[in-house]
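Presented below is the structure to which this report refers.
Numbering (the working numbering), first residue to last: 98 to 168.
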């Protein structure tokens with residue numbers, strides 16, 4: 098938002114400012130929903146994959162250092 102946009106909003110009456118504010122909050126809410134629904138799902142799946150790989154590496158290292166045959 099540029100300075101002229103802010104000046105335009107501030108020059109509005111109370112109802113105009115309130116309508117602008119509600120519109121901004123609605124946009125922010127939509128952005129948060131997009132992040133929540135799209136990006137967090139991918140992050141969670143990546144974290145699960147990292148946990149599985151790390152678990153496999155730990156099991157391999159324990160087996161290698163202790164001489165336990167896993168297979």
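Beta carbons are placed, not taken as given, at the ideal position from N, Cα and C, and that holds for glycine.
Contact belief for residue i with residue j at Cβ below 8 Å, rounded distance in angstroms
i, j, result
"residue 114", "residue 122", "That pair is no contact at about 13 Å."
Extent of the continuous alpha helix (DSSP H) to which residue i belongs
i, result
"residue 127", "111-131"
"residue 145", "137-163"
"residue 101", "100-107"
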